[in-house]
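Read in the working numbering, the sequence shown has 46 at position 31, and its numbers run on one by one without any break. Below is one structure, written out as structure tokens, with a few remarks after it.
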Amino acid sequence: MRFDKPIGTLLLLWPTLWGLWLAFDGVPPSNIFWIFLLGVFVMRSAGCVINDFADRNIDPLVERTRERPLASGALTSKHALSLFVCLCFAALLLLLGLPKSVWPWSLPALGVTIVYPFMKRFIQAPQAVLGVAFSFSIPMSFVASGSDFGLSFWILMSMNFFWVIAYDTVYAMSDRADDLKIGVKSTAILFGEHDRIIIGAFQSGVILCLLALKYVLDLSHWFMICILIVVAMFAYQQYLINERDRARCFQAFLNNGWAGAIIFLGLLAG
16 MRFDKPIGTL
26 LLLWPTLWGL
36 WLAFDGVPPS
46 NIFWIFLLGV
56 FVMRSAGCVI
66 NDFADRNIDP
76 LVERTRERPL
86 ASGALTSKHA
96 LSLFVCLCFA
106 ALLLLLGLPK
116 SVWPWSLPAL
126 GVTIVYPFMK
136 RFIQAPQAVL
146 GVAFSFSIPM
156 SFVASGSDFG
166 LSFWILMSMN
176 FFWVIAYDTV
186 YAMSDRADDL
196 KIGVKSTAIL
206 FGEHDRIIIG
216 AFQSGVILCL
226 LALKYVLDLS
236 HWFMICILIV
246 VAMFAYQQYL
256 INERDRARCF
266 QAFLNNGWAG
276 AIIFLGLLAG
């Protein structure tokens, strides 16, 4: 479940909090907040488990993942599937505490969680599927609040999708050499020598969406200050990936945990 590596939880947490605060036009009800918060931990854990199950024959061939429990043989596929079922049951219990209108959304959310780990075998841009998976909490937040899918919703969805493509391509750059040998696909491979430029384009898309949110929601100058900080963070990430060094690419990926926090603080302050 990778509790020792919280970056995945943070990257799922921030868009969830963005969605809740926008959907409820401020602080969401405490019961809704805690259910979504616990849901982030449960579903991120479930995603890790099913991902490691899907990659149990690939991870031993990748330097970064060869010590994972299934890859190393410390656990079996039966252990992984049993844990996945338990986590899904926990998610179901949390779901029952949300309005019934949210319940149907859990099915496609679970479906894309299961499907995503297998996509690297079939499509050139599996990161696009991850972008959908890591955005599902946003419509669920709006449905839970009874809000319409207005302009701010679509801006937020687009922003998170661009962000996921950008940071997960950086993440994939650290595994590109191994992935090419194995034959699995990623946007880092698809973009090739243009990877940094295209990542920059997606990061620019995030900034444009932030500016659009400021305009649509009439947010204060504090939000603009946070946007400028995010611009600086993206520039720093571009600096880190300049030489495409494995360790520095992973460092740039981790930096996105802080970028998501700055955006949330901007929404609070704005």
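The beta carbon of each residue, even a glycine, is placed where N, CA and C say it ideally should be.
Thinking just about the alpha-carbon of each residue, which of the options is nearest to the one in residue i?
| i | options | result |
| --- | --- | --- |
| Ile65 | Leu107, Val147 and Val127 | Val127 |
| Lys20 | Trp169, Ile197 and Phe265 | Phe265 |
| Pro154 | Ile277, Phe18, Phe279 and Leu37 | Leu37 |
| Leu26 | Pro44, Gly62, Pro43 and Ser97 | Gly62 |
| Ser162 | Trp29, Met16, Arg81 and Leu35 | Leu35 |
| Ala274 | Gly165, Trp33, Phe18 and Met16 | Trp33 |
| Leu269 | Leu234, Tyr182, Leu232 and Ala203 | Tyr182 |
| Leu113 | Leu52, Arg17 and Ile73 | Leu52 |
Note down, in chain order, each residue of its chain lying with its Cβ closer than 7 Å to the Cβ of residue i, except the 5 sequence neighbours on either side.
| i | result |
| --- | --- |
| Asp193 | Leu76, Val77 and Glu78 |
| Trp178 | Val221 |
| Met134 | Pro141 and Val144 |
| Phe217 | Phe177, Ile180 and Ala181 |
For residue i, which three-state DSSP category applies?
| i | result |
| --- | --- |
| Asp40 | coil |
| Arg263 | helix |
| Met16 | coil |
| Lys196 | helix |
| Arg71 | coil |
| Phe151 | coil |
| Asp210 | helix |
| Gly275 | helix |
| Ser201 | coil |
| Glu21 | Per the sequence shown, residue 21 should be read as Pro rather than Glu. Three-state result, Pro21: coil. |
| Asp163 | coil |
| Leu232 | helix |
Pop quiz: residue i and residue j are said to be a contact at Cβ under 8 Å. What is the actual Cβ separation, rounded to whole angstroms?
| i | j | result |
| --- | --- | --- |
| Trp118 | Leu108 | Their Cβ separation, rounded to whole angstroms, is 13 Å, which puts Trp118 and Leu108 out of contact at 8 Å. |
| Leu280 | Cys224 | That belief does not hold up - the Cβ atoms of Leu280 and Cys224 are roughly 17 Å apart, past 8 Å. |
| Ala74 | Ala86 | Here residue 74 turns out to be Asp, not Ala, going by the sequence shown. With a Cβ gap of about 4 Å, Asp74 and Ala86 count as contacting. |
| Ser150 | Phe176 | 6 Å |
| Ile244 | Ile277 | 5 Å |
| Ser235 | Ala284 | 7 Å |
Within its chain, find whatever has a CB closer than 6 Å to the CB of residue i; leave out the 5 residues flanking it on each side and keep chain order.
| i | result |
| --- | --- |
| Tyr131 | Val144, Leu145 and Ala148 |
| Leu228 | Ile170 |
Can you name, in chain order, every residue of its own chain whose Cβ lies under 8 Å from the Cβ of residue i, other than the five neighbours on each side?
| i | result |
| --- | --- |
| Ser189 | Arg79, Arg261, Ala262, Cys264, Phe265 and Phe268 |
| Val158 | Pro114, Ser116, Val117 and Trp120 |
| Phe68 | Leu85, Ser92, Ala95, Leu96, Phe99 and Pro132 |
Within the segment 76-146, ranges of the alpha helix (DSSP H) (whole runs, at least 4 residues): Taking 4 residues as the shortest admissible run, the segment 76-146 contains the following complete alpha helix (DSSP H) segments, listed from N- to C-terminal end: 84-87, 92-110 and 121-130.
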